[in-house]
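In full-length UniProt numbering, the protein residues as written are 1 to 369.
Here is the structure we will look at, set down as structure tokens.
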Amino acid sequence: MDDVLLFLSKLLTLENAQTATPEIPGPQTIDWINNLKVISLFAVIVLHTASLLLMDFKNATLSDWFAADLYNALTRFAVPVFVMITGALLLHREYEIGDFLKRRLSRIIWPFLFWSLVYIGYSLYDEEIVFTSDVWKNVLLVLHQLKYGAYYHLWYVYMLIGLYFIIPVVGRFVRAATEREILYFLVVWFAVISFTQPYLSRFWPQVDVRYFTGYIGYLVLGHYLAFKELPGKRNTTGLVIFYFLCLAGIAVGTYFTTASTGNISTLMYEPLGPFIILYAAGIFLLARITVYQIPGSLIRIRDLIGNYSLGIYLCHALFLTLLGEWNPSYKLCNPYLSIPLTALVCSVLSFVLIFLLSKIPYIGKYVAG
């Protein structure tokens, strides 16, 4: 703790710190962000595909289970990077609050409500929930589902709505703040996240640190890493090594913490944990500094997928559930192959469905996202 405080004191005494207020990103910046957006979307689907096998630690063979562990570790950056992309794209702009909330919330609320009702309908069909003859109780049941999330992946939308409410405030902070002030926030956020984890929380004093918790840190981190002026000589090799070290640490650490208790441990997977923060930051920077040429046809496909990313995210869990009836993610063939193949099939089906729904006159945009 003393080392952290010493670092912060030095950080605050830096002289001639430049402000971190950036220029609006150009096409090249948007290009790498679009690449990262599609990669993160597919990563989420891979993660959810592998999760069923991951939770079957007691029954699956070690080889099969470790495949799920590896794919989970590989893709755990996805949601944090989504939030970082949001910060990179939105925090540098100035908004009229009412207009910002109207545009942003209307874009996600209607598709979210539509797909929530779809998942409630599926739960009724699958008899996970049951209607009675009492209409009012049925209404309360639906409202309860909407309040807490009708399906496992919809928590992200609730989190995103909360971030939209704070973005105009956080955006004003990062536009006016110096670089050292932004770094101060990020360092304290990371320290709080680290010391409130299991095992380390016993060393944290009873200080109210709620102001430095949650996904708000990813917003600021995404903004900072997107606009930070990088040195001319960029250490891509170092970032790749860092990436693989994080991947190995998360996968192997999860295996040992799970094996030691006999129950699945998600400590290393926590998105609001130090391991995933470092992992996501490394992925984000690697995507920014890596230069590669994409054929024009693939760019069009990428942009089309990016435009429908919300709808694909909302509906993919339904296809995974339907495919899960046959458990193809590890019974079809070797899970090292079947997990990404199942995720790819799910991605294609989700894209086709959302694309077709978007073409419905008048209501397409409200259900497709």
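The C-beta atom is built at its ideal place from N, Cα and C for all residues, glycine as well.
The structure displayed is predicted, hence computed values, not measured ones.
Mind reading off the beta-carbon distance from residue i to residue j? Whole number of angstroms is fine, and I expect it under 8 Å.
| i | j | result |
| --- | --- | --- |
| H48 | H153 | 7 Å |
| W110 | Y279 | The Cβ separation is near 33 Å, so there is no contact. |
| F355 | Y292 | No, F355 and Y292 are not in contact; Cβ-Cβ is about 26 Å, not under 8 Å. |
| I250 | F284 | With a Cβ gap of about 16 Å, I250 and F284 do not count as contacting. |
| I108 | L310 | 6 Å |
| G171 | R93 | 7 Å |
| G282 | L230 | About 14 Å; that fails the 8 Å criterion. |
| F131 | L124 | 6 Å |
Measuring only the C-alpha atoms, how far is residue i from residue j?
| i | j | result |
| --- | --- | --- |
| L323 | S338 | 12 Å |
| F244 | G369 | 34 Å |
| T236 | F165 | 36 Å |
| T61 | L349 | 30 Å |
| V174 | L225 | 12 Å |
| S133 | Y122 | 19 Å |
| D56 | V79 | 23 Å |
| I120 | E181 | 45 Å |
| A150 | N138 | 14 Å |
| F100 | L186 | 25 Å |
| G156 | L267 | For the sequence presented, residue 156 should be read as Tyr rather than Gly. Cα to Cα, Y156 sits roughly 19 Å from L267. |
| Q206 | Y184 | 21 Å |
| L41 | L160 | 15 Å |
| V118 | S260 | 40 Å |
| G262 | Y255 | 10 Å |
| D126 | F195 | 42 Å |
| P22 | A88 | Note that P22 has pLDDT 46, beneath the 50 cutoff, so the model's placement of it is unreliable and no number is given. |
| D208 | Y158 | 24 Å |
| R210 | I241 | 34 Å |
| V135 | I299 | 50 Å |
| K147 | N59 | 34 Å |
Within 7 Å: the Cβ of residue i and any heavy atom of the ligand FMN?
| i | result |
| --- | --- |
| V188 | Here there are no bound small molecules, and the ligand FMN is not part of this structure. |
Could you check which residue in the options has the C-alpha nearest to that of residue i?
| i | options | result |
| --- | --- | --- |
| L314 | V345, T290, F351 and R288 | F351 |
| L341 | A43, W32, I30 and L36 | A43 |
| A73 | I120, I283, Y269 and L140 | Y269 |
| V38 | F82, V240, F66 and V192 | F82 |
| I277 | S51, L344, V170 and G214 | G214 |
| L272 | G171, F212, L41 and D99 | F212 |
| L247 | L52, L70 and S40 | L70 |
| V142 | I264, L113, F256 and I161 | L113 |
| L53 | G238, A68 and Y184 | A68 |
| T178 | G87, M159, V220 and Q145 | V220 |
| I30 | Q197, T261, K147 and L90 | L90 |
| S51 | A259, S265 and T261 | S265 |
| N334 | F227, D64 and I360 | D64 |
| T86 | W136, R76, P168 and V207 | P168 |
| F227 | N59, K58, M84 and F66 | M84 |
| A343 | L124, K147, T75 and F66 | T75 |
| L105 | T257, R300, G162 and L353 | G162 |
| F66 | L353, T258 and I299 | T258 |
| F77 | E325, L286 and R300 | L286 |
Apart from the five residues just before and just after residue i, which ones in its own chain have a Cβ nearer than 8 Å to its Cβ?
| i | result |
| --- | --- |
| C346 | I45, T49, H316, F319, L320 and L323 |
| R302 | N34, N35, V38 and I294 |
| I305 | V38, L41, I312 and F351 |
| Q197 | L267, E270, G273 and P274 |
| I129 | I120, S123, L141 and Q145 |
Residue i: buried (16+ other C-beta within 10 angstroms of its C-beta) or exposed?
| i | result |
| --- | --- |
| W32 | buried |
| Y362 | exposed |
| T290 | exposed |
| S116 | buried |
| R288 | buried |
| V192 | buried |
| I360 | exposed |
| residue 388 | Residue 388 falls outside the range modelled here, since the chain spans only 1 to 369, and no answer is possible. |
Near residue i, what residues of its chain come up, given a Cβ to Cβ distance below 6 Å and the 5 sequence neighbours on each side ignored?
| i | result |
| --- | --- |
| W189 | F212 and G217 |
| Q145 | I120 |
| Y95 | P168 |
| S297 | none |
Distance cutoff 8 Å, beta carbons only. Does residue i sit that close to anything in chain C?
| i | result |
| --- | --- |
| C246 | Here chain C cannot be found, since the structure has a single protein chain. |
Give me, in chain order, the residues of the same chain whose beta-carbon lies closer than 7 Å to that of residue i; leave out the 5 immediate sequence neighbours on both sides.
| i | result |
| --- | --- |
| G26 | Caution is warranted here: a pLDDT of 42 is assigned to G26, below 50, making its placement in the model unreliable, and the coordinate value is therefore given only provisionally. Same-chain partners within the cutoff: there are none. |
| G364 | L357 and S358 |
| Y336 | A67 |
| G253 | M268 |
| L353 | C315 |
| E325 | none |
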